[in-house]
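Report on the following structure.
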Amino acid sequence: MLRVADLHAGYGRVPVLRGIDLAARPGEILLILGPNGAGKSTLLRTIAGFIRPTAGRVELDGRDITGTAPEEVTRAGLRLVLDGHRVFPRLTVRDNLRLGVAFRGRQFDFGTIVAPVFEVFPILRDKLHAQARDLSGGQQQMLALAQAFVAQPKVLLCDEPSLGLAQALIPPILAFLRRWAAQGTAVVIVEQQIEVALDIADQVAIMERGAIQLAGTAAELKRDKRVQEIYLGLGERGEPLMP
Amino acid sequence: MQDALIVLVHGAGIGAVFALIGMSFNVVFNSSGILNFAQGNMLVLGGLFAFLVLPSSPGIGPWFVFLPASALLMAALLAVQGYLTLLPLRSSVEQHSWLITTLAASVIIGAVLLIFQGTAQQTVRSPFPSFWFLGTRVPAPYALSLLLALVWFGLLRWFHTRALTGLAISAIAQDLDAARAAGIRVHRLQILAFAISGLIVGSAGFVAAPVIAIANDSGVSYVLHGFVAAVIGGLGSDLGALVGGLLVGMISMYAAYTYGGEFQDAVSLALLVAVLMGRPEGLFGRPAARRV
Amino acid sequence: MARWQLVLGILGVAISIVLPALLGSAYWAHNFLVVNLFVTVAVMQNMLLADAGQVSFGQGALFGLAATTTGIVTGLWGYGYGAGFVAGIAAALVLGLLFALPALRVQGYYLGFVTLSAAVVFPQLLVAFDSLTNGINGITVSLPGLTQAGRAGLSWTSLLVMATTIAALLGHAALRGTGTGRRMRVASVSPEAAMTLGIAPGRLRFLAFTLAALGTGIAGALYVPVLGFVSPYAFRVDLSIFFFFSVIVGGSGELAGPVIGVWILYLVPNAILAQLSVYRLLAYGMVALLIMLAFPDGVVGSVVKALRRRQMRAQIAPIDLAAVLQDENAQARNTAAPTAAAAITVQGARKRFDRLLALSDVDLTVAAGRVHGLVGPNGSGKTTLLNVISGLIRLDGGEVRLHGAVSSRLPAHRLAALGLGRTFQTPRVFEDMSIWQNLEIGADLRGTRNHWLLHALQRFRPAWTGNRPDLLAHAQRRVLETLRMVATDADILLLDEPAAGLSAEERRDFATLIRFLRDRLGKTILLVEHDLHLVWRVADRISVLDAGQIVAEGAPAEIADNPRVRALFTGAADAAGR
């Protein structure tokens, strides 16, 4: 499982995260919501080793991975799927998948390992030899997730999987994440739009200005009006709503 | 007509050497955004190796044995250089130290050559006889260089699109963050890219040894021609380096033939400035090149 | 901080010339004349690299061209040394301008390669044009009047060399104190921020190359009496690389760096390996490599860094907003009552990047003396619109007017001069200037230091002059950047996500600052911000941008209740029905 304690980080001198605590348990989906600029992507990138935290601790299954390089974090079993369906555009679908599993060595049979992916996203099998840049945005997101899936991480971090996708493409992608979590993976999803992933989440945390303002089960937060208030910058901390 | 043919053939031959340097540039540049200023002297070292190991009238057998040896030796040397070059880049915010470290490496190699052989220029004889092509005598090293450039072009293409390691290096060039997120060990592959560039210049220097200047101060000229080739074709594109190299070779050979050898470099410089002012991304280049 | 370096450098130059002459050591006297000529060139290279940010590997060619031209005019054509001296400098200036030409188009290693090529080609051309240059035979020039030792063993030549080198050091230090020098550094660190401060980076690059060519040309012309002989072999590419390495070894940007760098690279091999001249090249290659690996800041730079680290523990006065906000000078600034006139008008703005339509038919009117909020999701085109208004991006269609006059065809630095200011998402604070200089660079735009803001902050001046902004926390850098913009006297201010990275309390303070700018100073403000909370509190009007189009506009209360806007920010379909 993933445990984050009192995490502080930023870009250069600009502080973004101000003391984040969270935990993601195997088999559960933790949804992190928050408005634009709340620091959600920074949080995922810091956990995954792309940004060195200024304070705090990141633990993967009890092992301290704070400040470890991203490629080593991935090898330790924590995989980040970056936002904007980033795959390797001038490589084929097959090669993108091969690279996803490459670090696990040669004892894995490619066919076996990608079979579950093709079952959920058959389009990837059909386009196996197409270059990734020729896929649609939704297909690229499927590929990005598939590339992470074949790595069989213990913890999956997923940055705005719905970003830039047509509405119809989002449900199968979320369903895939749900199934994936059910296999015992701890899944952390970041989304900006409140309702996109609320139905598949177990736990929800609302981030704003680099801190977690609200946290609870998905069921609790669904009914909580404060969620929208936080999003719209209205009426928190007893301040007047309007000037 | 005959003159034009000579210019064309010799230009293509020496242009192939420039193309090889250009491709060796690309391997490193694509993986790390670094341009290795020492690449020209590395080529000269490959030539020097040929001079040291081949007898004055070499046989074909030893030549085939020492060709891979030269490539491997230079690969090892480039790996060490790559390690040193990448060292300050890992911790420091200053991301331009490579300008100095690779230039320093170039100076050091030139200096070592000066110490061991003075200002003399070594000559190497090819085991292959020259042959006649369309009524023009073609020295074998020119033809072999061209062949080598085509072979390396093919090998690199295969490596970058088929071999898993090559795919990983391509992935670094295409999206560094996504590559790291996929668990690709970037640093090791960058050093490997340096080593591969060593294989290229090591073999090129050996093959072209009879037609290049093996001297302490000729490396800079080669690195510049290689750079011009790579820029004309578009930095990062091997096809570009191949085409650019041949173009630079022929144009500078034409200049040398018409105006004299001392104008060869000047014409390349003019070519470089013209390309940079007119089309900085080159013939086959993609506009925005990424950095380390 | 810089003064001791200047004193050290000048002392080093003077002693190195006077002492050997006094001691009567012809060998060292001669060597140090060469060293000091090289120091002059390295000082120019230092200015070019550190102040103007231009990578040139070809300064040796400028030096050689000046020397050769002087040699030809004096030694071959028989004119006086004065004529040769002038001709040499003129030739160097011409080549310097040729170097500056590609610098307008390309930067970094591209420019490095171009200049390096020039350095390779230059000696070849000297040989090629041997009818003019005497080729490999070189030119012997005898100037006994200049080279004969006079009082205290010093010749006119040594006095000239000493004066030139000291002048170069003083000139470099003086340049840093001037507005031009500061603008040069700003343009090198961040060309786009420079443009928004009214600076044209291309012009400063030209100036830097010209100044460097001037200094290098004088040194080259003096090389003739020092050596008495000019040959192409002296000006090979190694010389250019030597100058560049000297700067790096000494410490790029440090005033005394070139002196130390040249001494180390030239003297150490010369003294230790005098008998083994072939090892010299190896020595300076190794020194440059080792310095880069072990002390990337160079010798002087590392010392300075260590000293500064010790100082870091000292606290400096934080930027005191209250002092600014209460200044009585500021009270009188807002002469004009807010009028209904539009300060910014955007009409039918269109901008496309590749396949992405960043702005499609955007209309926006910002009333003078008001705060106008611009909000919208990531990638909706807010920053693009800001860049368009500030002249950093050209529109594909439509136009922008400032106070009614079409502005969308003017370059950014012209707009800045017309009174448009902006800040950036990451504050553009210039690290190698003092905090005070960071403010002054704003006032420089109006050509005066006599700005009420600088007066209002006068009591912080001592602390801020002695310290660099690396001591400031992010929020203070944000304020510093904003105050600098105020110091430009811009009346239209564009703020790009000023609240990012600020804590809740810092945001409140910043909101106060924005109101102050509007109410007391009468500024027009276009505020791009993710923090809606801040926008509701300070904006008079708000426009909502989505996918490159304005989807809503109105007073904060209207916008906050607009269901479409609520849905846009929360992604919740039932946002309206709460």
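Residue numbers (the numbering used here), protein chains in the order written: chain X, 1 to 243; chain Y, 244 to 535; chain R, 536 to 1113.
All C-beta atoms in this analysis are idealised placements derived from N, C-alpha and C, irrespective of residue type, glycine included.
**Request:** Have a look at Y:F437, Y:S480, Y:I494, Y:S495 and flag the residue whose alpha-carbon is nearest the alpha-carbon of L327 (chain Y).
**Result:** Y:F437
**Request:** Have a look at L248 (chain Y) and I494 (chain Y) and give me their C-alpha separation to the nearest angstrom.
**Result:** 13 Å
**Request:** Put M968 (chain R) into one of helix, strand or coil per three-state DSSP.
**Result:** Three-state result, M968 (chain R): coil.
**Prompt:** Pairing CB atoms from the stretch 215-231 of chain X with CB atoms from the stretch 445-462 of chain Y, are three or more of them under 8 Å?
**Reply:** Output reads no: the stretch 445-462 of chain Y does not touch the stretch 215-231 of chain X.
**Request:** May I ask you to list the residues that DSSP assigns as paired with F376 (chain Y)?
**Result:** Y:T379
**Asked** Which term fits S652 (chain R), buried or exposed, when burial requires 16 or more other beta carbons within 10 angstroms of its beta carbon?
**Response** buried
**Asked** Would you call the CB atoms of A596 (chain R) and A654 (chain R) closer than 7 Å?
**Response** yes
**Prompt:** Helix, strand or coil: how does DSSP classify T609 (chain R) here?
**Reply:** helix
**Prompt:** Going along chain R, which residues have a C-beta under 8 Å from E505 (chain Y)?
**Reply:** Q659, L660, V662, A663
**Message:** Please report the straight-line C-alpha distance between A425 (chain Y) and I113 (chain X), rounded to a whole angstrom.
**Reply:** 16 Å
**Asked** Since K222 (chain X) is in the alpha helix (DSSP H), which residue starts that stretch and which ends it?
**Response** 218-222
**Message:** Pop quiz: V772 (chain R) and V516 (chain Y) are said to be a contact at Cβ under 8 Å. What is the actual Cβ separation, rounded to whole angstroms?
**Reply:** Actually they do not touch by this definition, with Cβ atoms about 17 Å apart.
**Asked** Which residue comes first and which comes last in the alpha helix (DSSP H) that contains V759 (chain R)?
**Response** 736-762
**Request:** Keeping to the same chain, check which residues put their C-beta closer than 6 Å to that of A452 (chain Y); ignore five residues upstream and five downstream.
**Result:** G290, A293, V367
**Message:** Let me see if you follow: with CB-CB separation under 7 Å, is A549 (chain R) close to chain Y or not?
**Reply:** no
**Item:** Cut-off 7 Å between Cβ atoms - residues of its own chain near L856 (chain R), not counting five sequence neighbours on either side
**Value:** V1014, D1044, L1048
**Bounding residues of the beta strand (DSSP E) (the contiguous stretch that carries E1116 (chain R))** = Not covered by the structure: residue 1116 (chain R). The range shown for chain R is 536 to 1113.
**Asked** Are the C-beta atoms of V14 (chain X) and some chain R residue less than 7 Å apart?
**Response** yes
**Request:** Quick one: using the 10 Å Cβ neighbour count with 16 as the cut-off for buried, is D889 (chain R) buried or exposed?
**Result:** So D889 (chain R) counts as exposed.
**Prompt:** For the putative contact between P804 (chain R) and Y819 (chain R), defined by C-beta atoms under 8 Å, what is the C-beta separation to the nearest angstrom?
**Reply:** 6 Å
**Prompt:** Around the C-beta of P530 (chain Y), are 16 or more other C-beta atoms found within 10 angstroms, so that it is buried, or is it exposed?
**Reply:** Note that P530 (chain Y) scores a pLDDT of 49, beneath 50, so its modelled location is shaky and nothing firm can be said.
**Message:** Among the candidates R:W999, R:N566, R:L704, R:L732, whose CA atom is the shortest distance from the CA of V761 (chain R)?
**Reply:** R:N566
**Item:** Rounded C-alpha distance that separates R981 (chain R) from A1025 (chain R)
**Value:** 10 Å
**Item:** Contacts of V655 (chain R) in chain Y (Cβ-Cβ under 7 Å)
**Value:** V463, S464, L467, D508
**Message:** Under 8 Å, with one C-beta from each stretch per pair, do the stretch 317-332 of chain Y and the stretch 440-451 of chain Y reach the 3-pair mark?
**Reply:** yes
**Asked** How would you call L558 (chain R), buried or exposed, if buried means at least 16 neighbouring beta carbons within 10 angstroms?
**Response** So L558 (chain R) counts as exposed.
**7 Å Cβ cutoff met for K917 (chain R) and L1037 (chain R)** = No, Cβ-Cβ distance for K917 (chain R) and L1037 (chain R) is not below 7 Å.
**Prompt:** Taking a cut of 8 Å between CB atoms, which residues from the stretch 419-439 of chain Y lie near chain X?
**Reply:** D420, A421, A422, R423, A424, A425, G426, I427, R428, V429
**Message:** I want to see whether chain X comes within less than 7 Å of V1079 (chain R), judged by CB atoms only; does it?
**Reply:** no
**Request:** List the residues of chain Y that F770 (chain R) touches, going by C-beta distances under 7 Å, in chain order.
**Result:** Ordered by position in chain Y, no residue passes the 7 Å Cβ test against F770 (chain R), which lies about 13 Å from the chain.
**Coil, strand or helix - E28 (chain X) by DSSP** = coil
**Request:** Report the neighbours of V93 (chain X) on chain Y: residues whose CB is nearer than 9 Å to its CB, in chain order.
**Result:** Here the premise fails: no neighbours, minimum Cβ distance about 13 Å.
**Request:** Just the chain R side, please: which residues come within less than 9 Å of T344 (chain Y) by C-beta, in chain order?
**Result:** A823, L824, M827, L828
**Request:** Determine the extent of the beta strand (DSSP E) in which M207 (chain X) is found, giving its start and end residues.
**Result:** 203-208
**Message:** How far does the beta strand (DSSP E) with H8 (chain X) in it extend, from its first residue to its last?
**Reply:** 2-11
**Prompt:** Which chain R residues are close to F470 (chain Y), counting only those with a beta carbon under 7 Å from its beta carbon?
**Reply:** Among the residues of chain R, those whose CB is under 7 Å from the CB of F470 (chain Y) are F648, following chain order.
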